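Residue numbers (the working numbering), protein chains in the order written: chain H, 945 to 1262; chain S, 945 to 1262.
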């Protein structure tokens, strides 16, 4: 049933979403129940691909909740309830299960949600699927909707997560300050829930950056039918010297990481002040990274001129 | 983190549900959103434990939807929307993915639901988590609620599923008619959706039998604080001669199978006629198997007297 050449995750999504006849498997889905709109999102965490070495069971469980919270946040949806389905490897011990339970409890408090149920199974590796239900605070912010003249912003700097993985998995060198910051971004990612919910009033389009900044910018550019020009790379403090010390590419750390859980959004210039106030109010470090133009594609503009930013990010299954 | 003696699935459920402080991980969960009650249920299918040899990709995908539909049906909840999260093994081919997509599409039509989204991942084995959202047709039918004097009924006969697995996996002998019937119950299980929704008006308690008939009866007896006496075993046609021919125990086939997706319910005697009409109307073959008494435990009463029915069913992870 399998062959050696994989079909690729995006093709899988194409096949399944075209088969069931909708633009789905993306962002949040809004359904109407007795005229009340409810938003749904599920996100599956798989041990082999989503859990770096050194992550404690409670951090894994918390991360499985972070992912859909971040998606909802970027769409302006307030998460309320979650179901968590587990596959656990045979022979798992009580300490491990208690850790998972503790991570769920912490996430409930941190994001003010309730986990109301779930399912438990035996599997070859740990899998946690979190299905979340939320309500619209204002309106759903889509990937499309960016207008020419809008500013492109991110909720915080990039580069820590991939650096953290290089430190955890490959022993990359780093100052103790940077190491702590980078590893924390891997083990204890912070979704921008309050920022996202407040931003929804102003954002013309938004997505979270969990598939990588470059991929996210390309998706938004494509969905909006606009050219995105990036003039300021959101390089995290210490990322440049980390890259230099370990002979890594800054662009690779900043644009092609993933699981950074920042929000990428476009806003009209006239709302810049409000958005920056929201950023301060919610403890974010939002920054403008570029602007929206007529045309297509995502381009980097710097002292060397303008060039295309490649869109590929991480793809499973291929 | 693991040791050789597993913690056991029911203990996992205990730890997690006590940790997040609710009687959950069971049946459906009802949450209130702006005063509208919505029921949620998720069910995870894992290749290694839930997919017998010989099952086609479309049948696997369909089955992943059948499980939560059956749960909702037994609770009187009409399923409306589903999210399906997938983990697919690396190198999976297009034919396989198209099969999965076809199974989802068939289930959408068969149960009149919409799959509105999902998530796709790479994993060591196929995992499909289906999270379903539904609305109450009348009220939620709980496990508790059986009263002394109530009748115990099932929506159809038992024994086919375990026989089907014996035929598929161990080459058990069977007549061609019985083989087709038993294998169909494994590959194309039929949840009792219409029966369950109509029964909700009359049932004092109910559960689906997907964890095995004995386990289900014990759960309902315990939740209701009543003694269940089984006087008529719901033995499927041909199950007795299949058991004889293969030196198997009839009780084992009937009481300790699982994934049979029949509904087990208690009803007051005065509603027996209505319930039997509903059974005919919905193409079921419901039968009374016993009655509810003061006391505790589940007992079998036959020509040899009364004896306890052991409650164990299948348990993962142990």
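Every residue, glycine too, gets a C-beta built ideally from N, C-alpha and C. Note that the structure is predicted; figures quoted are calculated from it, not measured.
When you compare only the Cα positions, how much space is there between residue i and residue j?
i, j, result
"residue 1177 of chain H", "residue 998 of chain S", "53 Å"
"residue 969 of chain H", "residue 1132 of chain S", "Per-residue confidence for residue 969 of chain H stands at a pLDDT of 45, beneath the threshold of 50, marking its modelled position as unreliable; the derived number appears in the next sentence. When rounded, the distance between both Cα atoms is 26 Å."
"residue 1059 of chain S", "residue 1250 of chain S", "47 Å"
"residue 1222 of chain S", "residue 1080 of chain S", "18 Å"
"residue 967 of chain H", "residue 1054 of chain S", "Annotation note: pLDDT 47 at residue 967 of chain H (below 50); position unreliable, coordinate value reported separately. Residue 967 of chain H and residue 1054 of chain S: Cα-Cα distance of roughly 21 Å."
"residue 1082 of chain H", "residue 1018 of chain H", "12 Å"
"residue 1148 of chain H", "residue 962 of chain H", "26 Å"
"residue 1119 of chain H", "residue 1106 of chain H", "16 Å"
"residue 1031 of chain H", "residue 953 of chain S", "10 Å"
"residue 1051 of chain H", "residue 1219 of chain H", "26 Å"
"residue 1097 of chain H", "residue 958 of chain S", "45 Å"
"residue 1109 of chain S", "residue 1134 of chain H", "47 Å"
"residue 1022 of chain H", "residue 982 of chain H", "10 Å"
"residue 1256 of chain S", "residue 1202 of chain S", "11 Å"
"residue 1035 of chain H", "residue 1182 of chain S", "38 Å"
"residue 1129 of chain S", "residue 1161 of chain S", "21 Å"
"residue 1138 of chain S", "residue 1016 of chain S", "11 Å"
"residue 1191 of chain S", "residue 1117 of chain S", "10 Å"
"residue 946 of chain S", "residue 1000 of chain H", "Low local confidence applies: a pLDDT of 38 at residue 946 of chain S is under 50, so the model's placement there is unreliable, and no value is given."
"residue 1227 of chain H", "residue 1014 of chain S", "46 Å"
"residue 1141 of chain S", "residue 1143 of chain H", "42 Å"
"residue 1002 of chain S", "residue 1170 of chain S", "41 Å"
"residue 1240 of chain S", "residue 1158 of chain S", "14 Å"
"residue 1039 of chain H", "residue 994 of chain H", "21 Å"
"residue 1236 of chain H", "residue 1213 of chain H", "11 Å"
"residue 1200 of chain H", "residue 1102 of chain S", "54 Å"
"residue 1044 of chain S", "residue 1243 of chain H", "38 Å"
So which residues of chain H does residue i contact, with C-beta pairs closer than 8 Å?
i, result
"residue 1151 of chain S", "Per Cβ cutoff of 8 Å: no residues; residue 1151 of chain S is ~15 Å from chain H at best."
"residue 1063 of chain S", "969, 986, 987, 988 and 1073"
"residue 1086 of chain S", "Simply none; closest approach about 14 Å."
"residue 1201 of chain S", "Neighbours of residue 1201 of chain S on chain H: none; closest Cβ ~18 Å, over 8 Å."
"residue 1116 of chain S", "None at all; the shortest Cβ gap to chain H is about 25 Å."
What does residue i reach in chain S if we use C-beta pairs closer than 7 Å?
i, result
"residue 1195 of chain H", "Simply none; closest approach about 25 Å."
"residue 1068 of chain H", "992, 1068 and 1069"
"residue 1185 of chain H", "Neighbours of residue 1185 of chain H on chain S: none; closest Cβ ~34 Å, over 7 Å."
"residue 1021 of chain H", "Residues of chain S passing the Cβ test: none, with the nearest at roughly 12 Å."
"residue 957 of chain H", "1064"
Is it the case that the Cβ atoms of residue i and residue j are separated by a distance below 8 Å?
i, j, result
"residue 1153 of chain S", "residue 1208 of chain S", "yes"
"residue 951 of chain H", "residue 1041 of chain S", "yes"
"residue 1233 of chain S", "residue 1179 of chain S", "no"
"residue 1095 of chain H", "residue 1253 of chain H", "no"
"residue 1104 of chain H", "residue 1211 of chain H", "no"
"residue 1099 of chain H", "residue 1230 of chain H", "yes"
"residue 1048 of chain S", "residue 960 of chain H", "yes"
"residue 992 of chain S", "residue 1066 of chain S", "no"
"residue 980 of chain S", "residue 977 of chain H", "yes"
"residue 1127 of chain S", "residue 974 of chain S", "no"
"residue 1206 of chain H", "residue 1125 of chain H", "no"
Mind listing the chain S neighbours of residue i? Cutoff is C-beta to C-beta under 8 Å, in chain order.
i, result
"residue 1077 of chain H", "975, 977, 982, 984 and 1077"
"residue 1161 of chain H", "Per Cβ cutoff of 8 Å: no residues; residue 1161 of chain H is ~21 Å from chain S at best."
"residue 1027 of chain H", "973, 984, 985, 986 and 1075"
Give the residues of chain H in contact with residue i, contact being defined as C-beta atoms less than 7 Å apart.
i, result
"residue 1031 of chain S", "988, 990 and 1071"
"residue 951 of chain S", "1036, 1037, 1038 and 1041"
"residue 1010 of chain S", "Simply none; closest approach about 14 Å."
Is residue i close to chain C, meaning its C-beta is less than 8 Å from at least one C-beta of that chain?
i, result
"residue 1042 of chain S", "Absent here is chain C; the protein component of the structure consists of chains H and S."
So which residues on chain S does residue i lean against when the C-beta distance must stay under 9 Å?
i, result
"residue 1090 of chain H", "Ordered by position in chain S, no residue passes the 9 Å Cβ test against residue 1090 of chain H, which lies about 23 Å from the chain."
"residue 1017 of chain H", "The contacting residues do not exist; residue 1017 of chain H stays about 17 Å from chain S at best."
"residue 1209 of chain H", "Chain S residues near residue 1209 of chain H: none, gap ~21 Å exceeds 9 Å."
At a CB-CB cut-off below 9 Å, which residues of chain H make contact with residue i?
i, result
"residue 1167 of chain S", "The premise fails here: residue 1167 of chain S is roughly 16 Å from chain H at the closest Cβ pair, so nothing lies under 9 Å."
Closer than 7 Å: is that where the CB of residue i sits relative to any heavy atom of the ligand MG?
i, result
"residue 1035 of chain S", "Judged by which ligands are present, the structure shown has none, so any question about the ligand MG falls away."
- Item | Any alpha helix (DSSP H) of 4 or more consecutive residues that is wholly inside the segment 969-1039 of chain S | 991-994 and 1001-1018
- Task: Indicate whether the contact test is met: 3 or more Cβ pairs, each with one atom in the segment 1153-1169 of chain H and one in the segment 1090-1105 of chain H, closer than 8 Å.
- Result: yes
- Unbroken stretches of the beta strand (DSSP E), 3 residues or longer, contained in the segment 1143-1199 of chain H: 1147-1152 and 1171-1174
- Taking one C-beta from the segment 1013-1027 of chain H and one from the segment 1056-1075 of chain H each time, how about it: are there three or more such pairs within less than 8 Å? yes
- Item | Entirely enclosed alpha helix (DSSP H) segments - the segment 1030-1096 of chain H, minimum 4 residues | 1038-1055
- Message: Whether or not the segment 1185-1197 of chain H and the segment 998-1010 of chain H are in contact is what I'm after, with contact meaning three or more pairs of Cβ atoms, one per stretch, closer than 8 Å; do they touch?
- Response: no
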